[in-house]
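*Asks:*
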């Protein structure tokens, strides 16, 4: 265990939300397109190996699962309850949860503090019952949890509309989102992209389990390599704790936060959406920086960065070598690398001489090294071997244009080999259509993050340098004095 | 005809590069993976309806096509020659071209001015012969031309590696690229994305046909709705002409230029790659602005913008209404819209009243209008009808999260209907996986540009406003004093 429990948020019972071996769906229903049906459908899939119970006084069975009037009627232990009933009856449901001795409840229902005074009263009531009886709550007003290992899945969205991500053997990302719609859209998108995901949590109104609790939990979770957040703001008291926790966690694994509500108009929209005050963005920016949190502008950047950080080691310095078989891609990427505040130093005279001895005379020996359009993987090999041996560079950015048939698929193995042998981070940029996309998927199965544009590749390189600086502190070799991505 | 010939670059013969009804491949070859084989393979496909001849003294036929020792042996007219022979014999080839009376030559071979003194001499020789005999040249050192209507295709890259784009019935983009590798990668990528393309031209060393000539030509080309360029710099004398021409063309259709070499390091890389001096980026930026050219930072932005400009009318003002079924998406997009310098004004009291009469009370009536997660297309209909009638907005940005099954596919028809009826530009943002991607493809077949993130959607809206301002000048209703995207 990396981080002492005492220094963290409240971890009690949090594990149950991801590993519950028996789950009751309160408000289970056979009605097509109902929330109560959608959730029970997730749990009766064979991948979920725990026990499932339906709770609803109106039915004796739902989709073939025995259905009970109350939790207390269930003949056996229940570790987690998913609450999908109207807000007004949730206090009664929580009395039942307490009586059954269940420790974890995901409340997907809306109609609580986000709707006004009466809703806030109901929320206060269930929180009071939960506190008194040691029940942890995720929600209300959320879509809950997806765990790709245990197959706990409370997302009440049909799989044909909202694909479910899988875990990867290489590296996995976990995401905590204030917005349920974003949690769902990202789950769907990650499924389509084949991005390795461990957990997705939609926190909703955060009446109990909050960002800080999950940061502690995911910080210790061995199946999570990178922790990602989407937030629109923090509770006044809790924000501080979150940043204190982050300061420790970010020494162990990268934490990336997308915080919306930068502009004045968005702040208004956020207030009306979640009721939470977005707060001053400058204050937040300083806090993120101090805590070692990486803060991209948007989701696309978040996942471009997370993919690199999950698959590759952090960089030990900011010196980038680029090699490419397309000169234009070299120019565009060099622009982007410079804009990111990374260093792309020229090759030394010694290294140049070694390149010149082994590369055709029409190759461009600069940085980028242009092995030109008729290159096979052998020229890349030369560049990797000599540049790694020279120790002049900390990050390798590889332009791999596959439109030209002279570059055979063995290039993928060569890149993966040099990356693993050197221990230095490698990023691949491969721009194109069907063949290129498939080759990129192959690269990523080998653990090399691959991007469709020079700008994305440069951003990924920046993330590896940025996290290297966070992790290694003064040992990080910084040659450029510069800023944020 | 929109633009008088006299005010433009040299259009003589340019049409032939795209519409040649008879083509000779000089250097045609049966050798697998040779350039001479790859090119002839393109022209013997049934889609190309013109005549094809092979020229190579070593063969009497190539891939079943009759092969002649010289052009003059060909029994019939030849409108265009593709030159794929070593640079040193190109002067002889050009004498043959002149003797045959051919007016257009695409020189794909390298080994000219990009390689040094001897190459420059060879380039000067063929240019001299061409000038004297009225031959237009594209190249040398390029991949030439793809025309999706005539199926002229000189890209010597096999289709399994480099997909070929198609024209669309909705709207088409043409691209002129200094870099052949980028031209190929973009062709491949556009094919995969299903983006409508009319023409892709790789200009190479621009010994004759240049950016300006093609700007004039594409400006008058009825199958091109948006003109895109990738350039690393302009010839000292020609840059001026290009901007003069652009000033006129941009009144008729959008021109978008990605110019690399912003930073100092990239400029060095560019110099070594193309031999052209990238020049001062500030001077270029001012020239682009004055000429009404839109200048994104990179290709991704270029095509996100081009798609919107090709499919939708330019905006007549900068006031954006956003409607969404996901609050978080509303917040993120609002941030991006504000950062783009667009206006997102609150709904007027009158419009609010009309919304309140027709929408459920738990919808968020602000801007963004949040029709919330259980919305069907009827709520979107209300927002469109009332907001269009109010005339308070110039651009509609529609958040369409399809993870929730309550939003049926009829939403696509409703959006397309309101867009076409209102005459105002519509942009859709739909984030997710497989189902979402297919729905986005359907939207685009109906002419509504669809984006995977709020930031891309905001950029597209900005492009429509930016071009509206270029096109309508003082008639454009500007409510925000702001900046570039």
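Protein chains in written order, with my numbering: chain Z, 275 to 759; chain H, 275 to 759.
Idealized CB from N, CA, C, for every residue including glycine.
All values reported here derive from a predicted model rather than from experimental measurement.
(1) Tell me the DSSP secondary structure of residue 628 (chain Z) in three-state form.
(2) Note down, in chain order, each residue of its chain lying with its Cβ closer than 7 Å to the Cβ of residue 739 (chain H), except the 5 sequence neighbours on either side.
(3) Determine the extent of the alpha helix (DSSP H) in which residue 405 (chain Z) is found, giving its start and end residues.
(4) Determine which residues of the region 694–708 of chain H have a Cβ less than 8 Å from any Cβ of chain Z, and write them out in chain order.
(5) Quick one: Cα of residue 466 (chain H) to Cα of residue 435 (chain H), how far?
(6) Residue 648 (chain H): which of Z:415, Z:735, Z:754 and Z:446 sits nearest, CA to CA?
(7) Tell me whether residue 503 (chain H) sits in a helix, a strand or coil according to DSSP, three-state version.
(8) Determine, using beta carbons only, whether residue 729 (chain Z) comes closer than 8 Å to chain H.
(9) Using a Cβ-Cβ distance under 8 Å, would residue 659 (chain H) count as near chain Z?
(10) Where does residue 623 (chain Z) fall in DSSP's three states?
(11) By Cβ distance, which residues of its chain are closer than 6 Å to residue 287 (chain Z), with the 5 residues on each side in sequence left out?
(12) Tell me residue 342 (chain H)'s beta-bridge partners as DSSP assigns them.
(13) Just to confirm my understanding: we take residue 531 (chain Z), look at its own chain, exclude 5 residues before and 5 after, and list those with CB closer than 6 Å. What are they?
(14) Have a look at residue 612 (chain H) and residue 444 (chain Z) and give me their C-alpha separation to the nearest angstrom.
(15) Quick one, which residues of the region 461–473 of chain H are near chain Z if we go by CB-CB under 7 Å, in chain order?
(16) Does residue 770 (chain Z) come out as helix, strand or coil in the three-state DSSP assignment?
(17) Around the Cβ of residue 397 (chain Z), are there at least 16 other Cβ atoms within 10 angstroms (buried) or fewer (exposed)?
(18) Quick check on residue 508 (chain H): does DSSP put it in helix, strand or coil?
(19) Mind listing the chain H neighbours of residue 446 (chain Z)? Cutoff is C-beta to C-beta under 8 Å, in chain order.
(20) For the region 322–354 of chain H, list every residue whose C-beta sits within 8 Å of some C-beta in chain Z, in sequence order.
(21) So what's residue 292 (chain Z) in DSSP terms, helix, strand or just coil?
(22) List in chain order: all unbroken beta strand (DSSP E) runs of 3+ residues lying wholly within the region 643–709 of chain H.
(23) Any idea if residue 350 (chain Z) is buried or exposed, counting beta-carbon neighbours within 10 angstroms, 16 or more meaning buried?
(24) Hey, quick one: how far does the beta strand (DSSP E) through residue 421 (chain H) stretch, first residue to last?
(25) Do residue 678 (chain Z) and residue 720 (chain Z) have their CB atoms nearer than 8 Å?
(26) Which residues, in chain order, does the region 411–443 of chain H contribute to contact with chain Z at a C-beta distance below 7 Å?
(27) Would you give the residue range spanned by the beta strand (DSSP E) that residue 410 (chain H) belongs to?
(28) Using the Cα positions of residue 424 (chain Z) and residue 336 (chain Z), report the straight-line distance between them to the nearest angstrom.
(29) In the DSSP assignment, find the beta strand (DSSP E) that holds residue 595 (chain Z) and state where it starts and stops.
(30) Out of H:702, H:701 and H:645, which one is the CA nearest neighbour of residue 680 (chain H)?
(31) Using a Cβ-Cβ cut-off of 7 Å (strictly less than) and excluding sequence neighbours within five positions of residue 282 (chain H), which residues of its own chain qualify?
(32) Would the beta-carbon of residue 535 (chain H) fall within 8 Å of that of residue 506 (chain H)?
(33) Note down the Cα distance separating residue 485 (chain H) from residue 356 (chain H), rounded to an integer number of angstroms.
(34) Closest to residue 284 (chain Z) by C-alpha separation, out of Z:682, Z:583 and Z:512, would be which residue?
(35) Under 8 Å, Cβ to Cβ, is there at least one residue of chain H near residue 556 (chain Z)?
*Replies:* Well, looking at it:
(1) Stepping through the first chain from its first residue, residue 628 (chain Z) is reached at position 354. Three-state DSSP puts residue 628 (chain Z) in a helix.
(2) Position 465 of the second chain, counted from the first residue, corresponds to residue 739 (chain H). Once the five neighbours on either side are set aside, the close Cβ partners of residue 739 (chain H) are 589, 592, 616 and 669.
(3) Numbered from 1 along the first chain, position 131 holds the residue referred to as residue 405 (chain Z). It spans 391–407 - the alpha helix (DSSP H) in which residue 405 (chain Z) sits, taken as one unbroken run.
(4) 705, 706, 707 and 708
(5) Here residue 466 (chain H) refers to the residue found at position 192 when the second chain is read from its first residue. Here residue 435 (chain H) refers to the residue found at position 161 when the second chain is read from its first residue. In a straight line, the C-alpha of residue 466 (chain H) is about 11 Å away from that of residue 435 (chain H).
(6) The residue you call residue 648 (chain H) lines up with position 374 of the second chain. Here the closest residue by C-alpha is Z:415.
(7) On the second chain, residue 503 (chain H) is found 229 positions in, with the first residue counted as 1. Residue 503 (chain H) falls in the strand class under three-state DSSP.
(8) As a working mapping, residue 729 (chain Z) is identified with position 455 in the first chain. Interface criterion met: the Cβ of residue 729 (chain Z) is under 8 Å from a Cβ in chain H.
(9) By 1-based counting over the second chain, the position of residue 659 (chain H) is 385. Closer than 8 Å: no.
(10) Along the first chain, read from residue 1 onward, the residue named residue 623 (chain Z) stands at position 349. Three-state DSSP puts residue 623 (chain Z) in a helix.
(11) Taking the first chain and counting its residues from 1, the one referred to as residue 287 (chain Z) is at position 13. Hits under 6 Å: 377, 378 and 410.
(12) Numbered from its first residue, the second chain carries residue 342 (chain H) at position 68. Paired residue(s): H:329.
(13) Mapped onto the first chain, residue 531 (chain Z) falls at position 257. So the qualifying residues of the chain are 503, 567 and 569.
(14) Here the question's residue 612 (chain H) lines up with position 338 in the second chain. Here the question's residue 444 (chain Z) lines up with position 170 in the first chain. Answer to the nearest angstrom: the Cα atoms are 38 Å apart.
(15) Within the region 461–473 of chain H, the residues whose Cβ lies closer than 7 Å to some Cβ of chain Z are 462, 463, 465 and 466, listed in chain order.
(16) Residue 770 (chain Z) falls outside the range modelled here, since chain Z spans only 275 to 759, and no answer is possible.
(17) Locating residue 397 (chain Z) in the first chain gives position 123, where the first residue counts as 1. Residue 397 (chain Z) should be labelled buried.
(18) As a working mapping, residue 508 (chain H) is identified with position 234 in the second chain. The answer is coil: DSSP assigns residue 508 (chain H) none of H, G, I, E or B.
(19) Position 172 of the first chain, counted from the first residue, corresponds to residue 446 (chain Z). Correct list: empty, because the minimum Cβ distance to chain H is about 18 Å.
(20) none
(21) For the purposes of this step, residue 292 (chain Z) is taken as residue 18 along the first chain, with counting starting at 1. Assigned with DSSP and collapsed to three states, residue 292 (chain Z) falls in helix.
(22) 669–673 and 700–703
(23) Start at 1 with the first residue of the first chain, and residue 350 (chain Z) comes out as number 76. So residue 350 (chain Z) ends up on the exposed side.
(24) As a position in the second chain, residue 421 (chain H) is number 147, starting the count at 1. Unbroken beta strand (DSSP E) run through residue 421 (chain H): 418–421.
(25) The residue given as residue 678 (chain Z) occupies position 404 in the first chain. The residue given as residue 720 (chain Z) occupies position 446 in the first chain. No, the Cβ-Cβ distance between residue 678 (chain Z) and residue 720 (chain Z) is not below 8 Å.
(26) 431, 432, 434, 435, 436 and 437
(27) Here residue 410 (chain H) refers to the residue found at position 136 of the second chain. Start and end: 410–412.
(28) Here residue 424 (chain Z) corresponds to residue number 150 of the first chain, with the count starting at 1. Here residue 336 (chain Z) corresponds to residue number 62 of the first chain, with the count starting at 1. Computed Cα separation, rounded: 22 Å.
(29) Translated into the one-based positions of the first chain, residue 595 (chain Z) becomes position 321. 594–598 is the span of the beta strand (DSSP E), which, as asked, contains residue 595 (chain Z).
(30) In the second chain, counting from the first residue as 1, residue 680 (chain H) sits at position 406. Comparing Cα-Cα distances from residue 680 (chain H) to each of H:702, H:701 and H:645, the minimum goes to H:645.
(31) In the second chain, the residue the question calls residue 282 (chain H) occupies position 8. The beta carbon of residue 282 (chain H) sits closer than 7 Å to the beta carbons of 490 and 519 from its chain, once the five residues preceding and following it are set aside; these are given in chain order.
(32) Your numbering for residue 535 (chain H) matches position 261 in the second chain. Your numbering for residue 506 (chain H) matches position 232 in the second chain. Yes, the Cβ-Cβ distance between residue 535 (chain H) and residue 506 (chain H) is below 8 Å.
(33) As a position in the second chain, residue 485 (chain H) is number 211, starting the count at 1. As a position in the second chain, residue 356 (chain H) is number 82, starting the count at 1. Approximately 20 Å between the Cα atoms of the pair.
(34) For the purposes of this step, residue 284 (chain Z) is identified with residue 10 of the first chain, where counting begins at 1. Considering only alpha carbons, the answer is Z:512.
(35) Translated into the one-based positions of the first chain, residue 556 (chain Z) becomes position 282. Residue 556 (chain Z) does not count as touching chain H.
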